[in-house]
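Novice: If you use mature numbering (1 follows the signal peptide of the UniProt record, and there is no 0), the sequence shown corresponds to residues -20 to -1, 1 to 385, in order.
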Amino acid sequence: MGRPVATLFVLCFISVTACSLSEQATRGRLLAGVDATPPAAGGAVAVPIYLSSQGLYVANFTIGTPPQPVSAVVDLTSELVWTQCTPCQPCFEQDLPLFDPTKSSTFRGLPCGSHLCESIPESSRNCTSDVCIYEAPTKAGDTGGMAGTDTFAIGAAKETLGFGCVVMTDKRLKTIGGPSGIVGLGRTPWSLVTQMNLTAFSYCLAGKSSGALFLGATAKQLAGGKNSSTPFVIKTSAGSSDNGSNPYYMVKLAGIKAGGAPLQAASSSGSTVLLDTVSRASYLADGAYKALKKALTAAVGVQPVASPPKPYDLCFPKAVAGDAPELVFTFDGGAALTVPPANYLLASGNGTVCLTIGSSASLNLTGELEGASILGSLQQENVHVLFDLKEETLSFKPADCSSLN
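Below, the structure is given as structure tokens:
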């Protein structure tokens, strides 16, 4: 059935925020696009997104006829679209009522012989009355339920999409807080991006304010048109049978500057970087991470706190935060991401500020992600990030994301 795929939905915490990516595999492949109507030519759907108390970016939309409200974590690395459904036992607590497929006149269970059902690995699916039933065990927490289709109202768009109607979730998934599921934007046939036949999408993460996810061709214009871009990198693990594809958006790091000075570490360049919206923190190759710690210590002119509070590795007295430099990540092709101190130093509550960038060596990444760096959501805030799927490129543009919603 090919390589395992990763939901990347394991949550550890940096302050009140979540950092994922220490877990790798799920056998559950959900679900393909079904008769999706693409947005009108040149159009883009704007979907407000907000930061939850768990540090996860969440979108609200509706499913069914009549519409039932749903909220879902926006996960750039996931190929899944799912929500908890009634009857659900056991399931994690959510803020909204469970989706009830029996109250939707447009809900359809997927037949067992459908292409969509057969795309789920045999070990994770079975049939009940010719309806596709699946179970997706992961180290992050298991889910299971019925594969189906229904009408989704996402922003101004209405689409018939395939999704997982989940009736069992592992208690470990309670760490997502109030949302009822996940909307995956990964590079696979099962994601929202593919189901809506998008040639481009973008997002602008606004931290405590409301930002936006833009789905459709004009995402390029909304992101500022022609900016310096970097090509996507496709990286597969040894023995992979998926013809060179994986669900991740990955680019090649050319270098890192702190206060205009390049980091003196060979591993600060050439690393593959995975973009992630679930992890709040970023992670660098170990050599680059050590060089960054050295550069920051020199810039602020004081020694780090001797015993930083967990889970941090580097903290300084809050008074010197104003001396911290901007970081600039440069990528192949000329794209650059400027990260101000507010996007990488976080107040820890005890008179210190702490670095929210760690070493990727601590994650024990394997497969396609072995040796990769991670660019988390905190470091992407107030930047319009454009994914041009036609040109296979990524670009960044500084923005006041709260004004775009």
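Quick reminder that beta carbons are idealized off the backbone N, C-alpha and C, glycines included.
In this structure, how does DSSP classify M176 when only helix, strand and coil are distinguished?
Specialist: In this structure, M176 counts as coil in the three-state DSSP scheme.
Novice: Compare the C-alpha of C71 against each of T149, L31, V27 and name the closest.
Specialist: Minimum Cα distance to C71 is reached at T149.
Novice: Let me confirm a value: S33 is counted as buried when at least 16 other C-beta atoms fall within 10 Å, else exposed. Which label applies?
Specialist: By the 10 Å Cβ count, S33 comes out exposed.
Novice: Compare the C-alpha of A26 against each of L195, T108, S103 and name the closest.
Specialist: It is L195 whose Cα lies nearest to the Cα of A26.
Novice: Spatial neighbours of Q48 within its chain, please: CB distance less than 8 Å, with the 5 preceding and 5 following residues excluded, ordered by chain position.
Specialist: The residues are T42, P77, F79, D80, K83, S84.
Novice: Comparing C-alpha positions only, which one of F309, P91, D368, A133 sits nearest to L272?
Specialist: Measuring from the Cα of L272, the nearest candidate turns out to be F309.
Novice: Following the continuous beta strand (DSSP E) through V363, name the residue where it begins and the one where it ends.
Specialist: Element bounds for V363: 363 to 368.
Novice: Spatial neighbours of G314 within its chain, please: C-beta separation below 8 Å, excluding the five flanking residues on both sides.
Specialist: Counting only Cβ-Cβ distances below 8 Å, and skipping sequence neighbours, we find S208, S209, T210.
Novice: As an exercise, report each continuous beta strand (DSSP E) stretch of at least 3 residues that is fully enclosed by the region 273 to 346, in chain order.
Specialist: Listed in chain order, they are 295 to 297, 307 to 311, 316 to 319, 325 to 327, 332 to 335, 337 to 339.
Novice: Less than 8 Å between the beta carbons of A352 and T277, yes or no?
Specialist: No, Cβ-Cβ distance for A352 and T277 is not below 8 Å.
Novice: Decide if the region 329 to 339 is in contact with the region 296 to 305; the criterion is three or more beta carbon pairs, one per stretch, under 8 Å apart.
Specialist: Touching, yes, given that three or more Cβ pairs across the two stretches are closer than 8 Å.
Novice: Which stretch, first to last residue, makes up the beta strand (DSSP E) that contains C107?
Specialist: From DSSP, the beta strand (DSSP E) with C107 extends over 105 to 108.
Novice: By how many angstroms is the C-alpha of A197 removed from the C-alpha of G35?
Specialist: Rounded to whole angstroms, G35 to A197 spans 29 Å at the Cα level.
Novice: Could you tell me whether the region 49 to 69 touches the region 230 to 239, using the rule of 3 or more Cβ pairs below 8 Å?
Specialist: No, because fewer than three Cβ pairs between the region 49 to 69 and the region 230 to 239 fall closer than 8 Å, the two stretches do not touch.
Novice: Hey, quick one: how far does the beta strand (DSSP E) through C68 stretch, first residue to last?
Specialist: Neither: C68 is in no beta strand (DSSP E) and is coded neither H nor E.
Novice: Given that a residue counts as buried once 16 or more other Cβ atoms are within 10 Å of its Cβ, and exposed if not, what is C381?
Specialist: So C381 counts as buried.
Novice: Please determine, among G239, L254, V280, the residue with the shortest C-alpha to C-alpha distance to T318.
Specialist: Minimum Cα distance to T318 is reached at G239.
Novice: Taking the C-alpha atoms as reference points, what is the distance between N226 and Q283?
Specialist: N226 and Q283: Cα-Cα distance of roughly 42 Å.
Novice: Kindly give me the distance between the Cβ atoms of A180 and L369, rounded to whole angstroms, as I take these residues to be in contact under 8 Å.
Specialist: Contact flag correct, Cβ pair sits at about 6 Å.
Novice: Please classify residue 434 as buried or exposed, where buried requires at least 16 neighbouring CB atoms within 10 angstroms.
Specialist: An answer regarding residue 434 cannot be provided, because it is not within the stretch -20 to 385 covered by the chain.
Novice: Pick helix, strand or coil for G239, following the three-state DSSP scheme.
Specialist: Looking at G239 - three-state DSSP - the assignment turns out to be coil, as it is neither helix nor strand.
Novice: From the DSSP output, in three-state form, read off I162 for me.
Specialist: Reduced to three states, the DSSP call for I162 is strand.
Novice: Could you tell me the boundaries of the beta strand (DSSP E) in which L355 lies?
Specialist: Its beta strand (DSSP E) spans residues 353 to 355.
Novice: I'd like to check one pair, Y292 with L335: are the Cβ atoms closer than 8 Å?
Specialist: In this structure, Y292 lies closer than 8 Å to L335 by Cβ.
Novice: G347: which of K200, I214, S262 sits nearest, CA to CA?
Specialist: Nearest of K200, I214, S262 to G347, Cα basis: I214.
Novice: What residue does the alpha helix (DSSP H) around C381 start on, and which one ends it?
Specialist: Per DSSP, C381 belongs to no alpha helix (DSSP H) and is neither H nor E.
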